[in-house]
Amino acid sequence: SQQGEEDPQALSIQEGENATMNCSYKTSINNLQWYRQNSGRGLVHLILIRSNEREKHSGRLRVTLDTSKKSSSLLITASRAADTASYFCATDGRNAGNMLTFGGGTRLMVKP
Amino acid sequence: NAGVMQNPRHLVRRRGQEARLRCSPMKGHSHVYWYRQLPEEGLKFMVYLQKENIIDESGMPKERFSAEFPKEGPSILRIQQVVRGDSAAYFCASSPGSGGRGEKLFFGSGTQLSVL
């Protein structure tokens, strides 16, 4: 079973609206990362939040982490059509060595 | 400053043939990871290598699959006697290896393997 599970699996919004994606995980982590994947391309790192952090911002991105609930959320504010992509959370897991475990992703569509 | 380079971009093989996927990590990166992705799904970890060493191959099937990261040259993911179920996108990622556990990964554009 996957360490990270995103919710919802798919999200469709209008340009200018905010998009919120959630991620739940099972085991203790050192950090949690969010990646973006455009169709047919590799993943691009967006943001990393450490287990001792609760919130982090990067431009229009806001990530929260609740280690007591083993969950994270990614908020994209004032969305644009170019934000259309799949978004994945990834966790390292305290006993997982250096590799990251990815969730199934949220497919975001932003309509112009 | 080239990123992670994977080739070929697309690879078509018939059942029973061999597939060799190549990955050149970013300059200065000594850690390489291979992931596999099926359509509409997330990435599944396969193997983690450092130069000349396999560190973690827990996600790789025991048979037909092998990986290497030689001292010189790219990392190679090799799939022998391919079957239709091997059809997927295979992504390589690299990291400097200096950031500790769970550091940021840099991904290539992937190799789409199609088995006829």
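Residue numbers (my numbering), protein chains in the order written: chain R, 1127 to 1238; chain D, 73 to 188.
The beta-carbon is built from N, C-alpha and C at its ideal position, and this holds for glycine as well.
For residue i and residue j, what's the separation of their Cα atoms in angstroms?
i, j, result
"leucine 1174 (chain R)", "methionine 77 (chain D)", "23 angstroms"
"leucine 1226 (chain R)", "serine 1194 (chain R)", "20 angstroms"
"serine 166 (chain D)", "arginine 136 (chain D)", "23 angstroms"
"glycine 1142 (chain R)", "isoleucine 151 (chain D)", "45 angstroms"
"serine 1205 (chain R)", "arginine 1162 (chain R)", "14 angstroms"
"glutamine 1135 (chain R)", "proline 146 (chain D)", "35 angstroms"
"histidine 82 (chain D)", "leucine 149 (chain D)", "14 angstroms"
"lysine 1152 (chain R)", "glycine 88 (chain D)", "38 angstroms"
"glutamate 175 (chain D)", "glutamine 153 (chain D)", "34 angstroms"
"leucine 93 (chain D)", "tryptophan 1160 (chain R)", "26 angstroms"
"serine 1138 (chain R)", "serine 1177 (chain R)", "30 angstroms"
"glutamate 1132 (chain R)", "phenylalanine 179 (chain D)", "20 angstroms"
I need the boundaries of the beta strand (DSSP E) containing residue i, first residue and last residue.
i, result
"phenylalanine 141 (chain D)", "Per DSSP, phenylalanine 141 (chain D) belongs to no beta strand (DSSP E) and is neither H nor E."
"glutamine 1140 (chain R)", "1136 to 1140"
"aspartate 1192 (chain R)", "1187 to 1192"
"serine 1197 (chain R)", "1197 to 1202"
"alanine 1216 (chain R)", "1211 to 1217"
"glutamine 184 (chain D)", "183 to 187"
"isoleucine 1155 (chain R)", "Taken as a continuous stretch (DSSP letters only), isoleucine 1155 (chain R) belongs to no beta strand (DSSP E), as it is neither H nor E."
"aspartate 274 (chain D)", "No answer is possible for residue 274 (chain D): the residues shown for chain D start at 73 and end at 188."
"asparagine 79 (chain D)", "77 to 79"
"lysine 1182 (chain R)", "1181 to 1184"
Would you say residue i faces chain R, with C-beta separation under 9 angstroms as the test?
i, result
"valine 76 (chain D)", "yes"
"glutamate 112 (chain D)", "yes"
"alanine 165 (chain D)", "yes"
"glycine 131 (chain D)", "yes"
"aspartate 158 (chain D)", "no"
"phenylalanine 117 (chain D)", "yes"
Can a CB atom of chain D be found closer than 9 angstroms to the CB of residue i?
i, result
"glycine 1142 (chain R)", "no"
"methionine 1225 (chain R)", "yes"
"arginine 1233 (chain R)", "yes"
Please classify residue i as buried or exposed, where buried requires at least 16 neighbouring CB atoms within 10 angstroms.
i, result
"threonine 1217 (chain R)", "buried"
"asparagine 125 (chain D)", "exposed"
"alanine 91 (chain D)", "buried"
"aspartate 1192 (chain R)", "exposed"
Residue i: beta carbon under 8 angstroms from a heavy atom of the ligand ZN?
i, result
"leucine 1191 (chain R)", "Ligands are entirely absent from the displayed structure, and the ligand ZN is therefore not among its contents."
Inset, instruction - Compile a chain-ordered list of the residues in the stretch 1154 to 1174 of chain R whose CB is closer than 9 angstroms to at least one CB of chain D. - result: Within the stretch 1154 to 1174 of chain R, the residues whose Cβ lies closer than 9 angstroms to any Cβ of chain D are, in chain order, Ile1155, Asn1156, Asn1157, Leu1158, Gln1159, Tyr1161, Gln1163, Gly1166, Arg1167, Gly1168, Leu1169, Val1170, His1171 and Leu1174.
Inset, instruction - Taking a Cβ distance cut-off of 9 angstroms, strictly less, list which residues of the stretch 1185 to 1200 of chain R are near chain D, in chain order. - result: The stretch 1185 to 1200 of chain R vs chain D, Cβ under 9 angstroms: nothing.
Legend entry - Where the stretch 176 to 187 of chain D meets chain R: residues whose CB sits under 9 angstroms from a CB there: Answer set for the stretch 176 to 187 of chain D: Lys176, Leu177, Phe178, Phe179, Gly180, Ser181, Gly182 and Gln184.
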